[in-house]
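Novice: So that we are looking at the same thing, I have put the structure below in structure tokens.
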């Protein structure tokens, strides 16, 4: 199994692809650019969904569902929005098929052309704001706090499983507010929700920041983001929260009557994360033996493997395992008994290591005699012996220990690969030789940002929210700058 995985040092991209394939997370589909998410990969996404959905509802949001299709005219109503997505749109032009005249194939019926083309949603702002016009009349209807779990389509020429596919799964929140202050508070609140989710649940340290105008979401006034570092030093945008101002309200004429009976345009936000977080999980934590999953998101947190030679030994071991599993399940641990008698223990160990199961427990005849079990940790490869009496109480503590350890390892990696530079030559040298996050001064112009990207393929990942005021000179233009921003090559 592990010998089928290319090492990170040899080819990081191939290493990633091998883990996705060998761990049974996803595969390419018959539709070019689209993927099939396999059960184990989807189980990881389900745990992400459940945790995020809980957080959304705790902050007052409710779920709804809106159409997959968006009339083309809707996209035309917000100029920067359509410009941002025009090249990624899949367009439906006909509504019927028919047999060819020779009866040999199915063809598009030329008489079934739509009066107006439909866009398969690349994002849902337009269809949702057209709907909100009917839902919002007065201040009593606000705030409107809605989330949607859905699929979207953005036509991609170069795809990679989970990270960039033509169709992907996500959630998109769309909220309406009476004031800009309320909308900004919502934008920041959801950024905090994403940051906490990434760090506490996925064990991925992130930097909260604001996107530059060049990198801002199409149609937004401001885009807030969380940026994570992968093990190859590249950045990955792990979530975004957008302050939309009144752009979409004005485009779709969404007004409300305030308490003085005056008509006002509402203020808007949108925010989302997608299945690319599964890719982030792989690239932030895994190793050359396969997945390394934080316990919070692992489909199986503990696997128990029996070690035996005789059927009567298995019977006695299975009885003990059943008792342990009952106790673990009672306290909410996701545990599996690997009772497959067609595979040897060594094969099972390798399989569960490949799939990133955080804790593995092996129990044999001698363990039964001693009243102990051997526990193996996926993240550190360490092993320890624990008594059956202690096991139920200790497993949750060990899982918490693993969760924290995985996070701290990723945090140390980010700190070791974050660099401060003050010259163009040093910038290029660090980018090519060390990679990682580069903190450098920038003059604040789109022109300079574009030139740096063209010459190095590095982009400004964000202007950190906690950035300190610091006088300096732009690494490229030499013009004055008052703070550092984060540059990196990215996915």
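In our numbering, the protein residues as written are 1327 to 1817.
The beta-carbon is built from N, C-alpha and C at its ideal position, and this holds for glycine as well.
Report the option in 1784, 1523 and 1476 whose CA atom is closest to the CA atom of residue 1496.
Specialist: Counted from its first residue, the chain shown places residue 1496 at position 170. Here the closest residue by C-alpha is 1476.
Novice: Within 10 Å of its beta-carbon, does residue 1776 have 16 or more other beta-carbons around it, so buried, or fewer, so exposed?
Specialist: Here residue 1776 refers to the residue found at position 450 when the chain shown is read from its first residue. By the neighbour-count rule (16 or more Cβ atoms within 10 Å), residue 1776 is not buried but exposed.
Novice: Under the three-state reduction of DSSP, which class applies to residue 1410: helix, strand or coil?
Specialist: Sequence index remark: in the chain shown, residue 1410 carries index 84 (1-based). Three-state DSSP puts residue 1410 in a helix.
Novice: Buried or exposed, going by whether 16 or more other CB atoms sit within 10 Å of the CB of residue 1772?
Specialist: For this step, residue 1772 is matched to residue 446 along the chain shown. Classification of residue 1772: exposed, given that the 10 Å Cβ count is below 16.
Novice: Under the rule that 16 or more other beta-carbon atoms within 10 Å means buried, what is residue 1461, buried or exposed?
Specialist: Stepping through the chain shown from its first residue, residue 1461 is reached at position 135. With fewer than 16 Cβ atoms within 10 Å of its Cβ, residue 1461 is classed as exposed.
Novice: For the alpha helix (DSSP H) containing residue 1455, name the first residue and the last one.
Specialist: Looking up residue 1455 in the chain shown gives position 129. Here the alpha helix (DSSP H) through residue 1455 covers 1451-1461.
Novice: Would you say residue 1500 and residue 1472 are within 7 Å of each other, going by their C-beta atoms?
Specialist: Numbered from 1 along the chain shown, position 174 holds the residue referred to as residue 1500. Numbered from 1 along the chain shown, position 146 holds the residue referred to as residue 1472. Closer than 7 Å, so yes.
Novice: Comparing C-alpha positions only, which one of 1556, 1585 and 1788 sits nearest to residue 1468?
Specialist: On the chain shown, position 142 is the one that residue 1468 refers to. Nearest C-alpha to residue 1468: 1585.
Novice: Between 1377, 1448 and 1343, which lies nearest to residue 1361 when the distance is taken from Cα to Cα?
Specialist: One-based indexing of the chain shown puts residue 1361 at position 35. When only C-alpha atoms are compared, the closest one is 1343.
Novice: Helix, strand or coil for residue 1357? Go by DSSP, reduced to three states.
Specialist: By 1-based counting over the chain shown, the position of residue 1357 is 31. Residue 1357: coil per DSSP, three-state reduction.
Novice: Drop a sphere of 10 angstroms on the beta-carbon of residue 1376, count the other beta-carbons inside from all chains shown, and report buried for 16 or more, exposed for fewer.
Specialist: Taking the chain shown and counting its residues from 1, one reaches residue 1376 at position 50. The residue is exposed, with fewer than 16 neighbouring Cβ atoms inside 10 Å.
Novice: Counting beta carbon pairs with one atom in the region 1473-1493 and one in the region 1513-1524, are three or more of them shorter than 8 Å?
Specialist: Judged by Cβ distances under 8 Å, the region 1513-1524 makes no contact with the region 1473-1493, as fewer than three pairs qualify.
Novice: In the DSSP assignment, find the beta strand (DSSP E) that holds residue 1826 and state where it starts and stops.
Specialist: Summary: the structure shown does not reach residue 1826, with the chain confined to residues 1327 through 1817, and so no result is reported for it.
Novice: State the Cα-Cα distance for the pair residue 1618 and residue 1478, rounded to the nearest angstrom.
Specialist: Sequence index remark: in the chain shown, residue 1618 carries index 292 (1-based). Sequence index remark: in the chain shown, residue 1478 carries index 152 (1-based). Cα to Cα, the separation comes out at about 28 Å.
Novice: Identify which residue in 1687, 1573 and 1394 has its Cα closest to the Cα of residue 1480.
Specialist: Taking the chain shown and counting its residues from 1, one reaches residue 1480 at position 154. Looking at the Cα atoms, 1394 is the closest of the given residues.
Novice: Within this structure, are the beta carbons of residue 1682 and residue 1705 separated by less than 7 Å?
Specialist: Reading the chain shown from its first residue, position 356 is the one you call residue 1682. Reading the chain shown from its first residue, position 379 is the one you call residue 1705. For residue 1682 and residue 1705, no; Cβs fall outside 7 Å.
Novice: Would DSSP call residue 1557 helix, strand or coil?
Specialist: Position 231 of the chain shown, counted from the first residue, corresponds to residue 1557. Coil at residue 1557, not helix or strand.
Novice: Going by DSSP, name the residue or residues bridged to residue 1806.
Specialist: As a first step, residue 1806 is located in the chain shown; it is residue number 480 there, counting from the start. Paired residues: 1799.
Novice: Determine the extent of the alpha helix (DSSP H) in which residue 1519 is found, giving its start and end residues.
Specialist: By 1-based counting over the chain shown, the position of residue 1519 is 193. 1506-1522 is the extent of the alpha helix (DSSP H) around residue 1519.
Novice: To the nearest whole angstrom, what separates the beta carbons of residue 1446 and residue 1392, a pair I think is in contact under 8 Å?
Specialist: On the chain shown, residue 1446 is found 120 positions in, with the first residue counted as 1. On the chain shown, residue 1392 is found 66 positions in, with the first residue counted as 1. With a Cβ gap of about 13 Å, residue 1446 and residue 1392 do not count as contacting.
Novice: Which word fits residue 1759, buried or exposed, when buried means at least 16 other C-beta atoms lie within 10 angstroms of its C-beta?
Specialist: As a first step, residue 1759 is located in the chain shown; it is residue number 433 there, counting from the start. Exposed is the call here.
Novice: Pair every Cβ in the region 1523-1530 with every Cβ in the region 1787-1798, then say whether three or more of these pairs are closer than 8 Å.
Specialist: Flag = no, the region 1523-1530 and the region 1787-1798 do not touch.
Novice: Let me make sure I understand the geometry here. Which of 1795, 1345, 1373 and 1595 has the alpha-carbon closest to that of residue 1567?
Specialist: Here the question's residue 1567 lines up with position 241 in the chain shown. Checked all of 1795, 1345, 1373 and 1595; the closest Cα to residue 1567 is 1595.
Novice: How far does the alpha helix (DSSP H) with residue 1578 in it reach, from first residue to last?
Specialist: In the chain shown, residue 1578 corresponds to position 252, counting from 1. It is not in any alpha helix (DSSP H) - residue 1578 carries neither H nor E in the DSSP assignment.
Novice: Would you give the residue range spanned by the alpha helix (DSSP H) that residue 1465 belongs to?
Specialist: Locating residue 1465 in the chain shown gives position 139, counting from the first residue. No alpha helix (DSSP H) holds residue 1465; DSSP gives it neither H nor E.
Novice: Extract the residue ranges of the alpha helix (DSSP H) inside the region 1359-1392, only unbroken runs of 4 or more that lie entirely within it.
Specialist: Entirely contained in the region 1359-1392, the alpha helix (DSSP H) runs reaching 4 residues are, in chain order, 1365-1384.
Novice: For residue 1563, which beta-bridge partners are listed by DSSP?
Specialist: As a position in the chain shown, residue 1563 is number 237, starting the count at 1. Note: residue 1563 sits in a beta bridge opposite 1553.
Novice: Would you tell me roughly how many angstroms separate the C-alpha atoms of residue 1665 and residue 1540, rounded to the nearest one?
Specialist: Translated into positions along the chain shown, residue 1665 becomes position 339. Translated into positions along the chain shown, residue 1540 becomes position 214. Residue 1665 and residue 1540: Cα-Cα distance of roughly 55 Å.
Novice: Grouping DSSP H, G and I as helix and E and B as strand, with all else coil, what is residue 1489?
Specialist: Taking the chain shown and counting its residues from 1, the one referred to as residue 1489 is at position 163. DSSP places residue 1489 in coil when its eight states are reduced to three.
Novice: Quick check on residue 1673: buried or exposed, where buried means 16 or more other Cβ atoms within 10 Å of its Cβ?
Specialist: On the chain shown, position 347 is the one that residue 1673 refers to. When all chains shown are included, residue 1673 counts as exposed.
Novice: Residue range of the beta strand (DSSP E) that residue 1534 falls in?
Specialist: Residue 1534 sits at position 208 when you count from the first residue of the chain shown. First-last of the beta strand (DSSP E) with residue 1534: 1533-1536.
Novice: Under DSSP, the alpha helix (DSSP H) around residue 1625 begins and ends at which residues?
Specialist: Locating residue 1625 in the chain shown gives position 299, where the first residue counts as 1. Unbroken run through residue 1625: none, as it is neither H nor E.
Novice: So, do the region 1540-1552 and the region 1404-1411 have three or more beta carbon pairs nearer to each other than 8 Å?
Specialist: The region 1540-1552 is in contact with the region 1404-1411.
Novice: If you follow the beta strand (DSSP E) that residue 1710 is in, where does it begin and where does it stop?
Specialist: Within the chain shown, numbered from 1, the residue matching residue 1710 stands at position 384. Its beta strand (DSSP E) spans residues 1709-1713.
Novice: Ends of the beta strand (DSSP E) at residue 1600?
Specialist: Residue numbering aside, residue 1600 sits at position 274 when the chain shown is read from its first letter. That run of the beta strand (DSSP E) goes 1593-1600.
Novice: Buried or exposed for residue 1587, going by 16 or more other Cβ atoms inside 10 Å?
Specialist: As a first step, residue 1587 must be located in the chain shown, where it is residue number 261. The residue is exposed, with fewer than 16 neighbouring Cβ atoms inside 10 Å.
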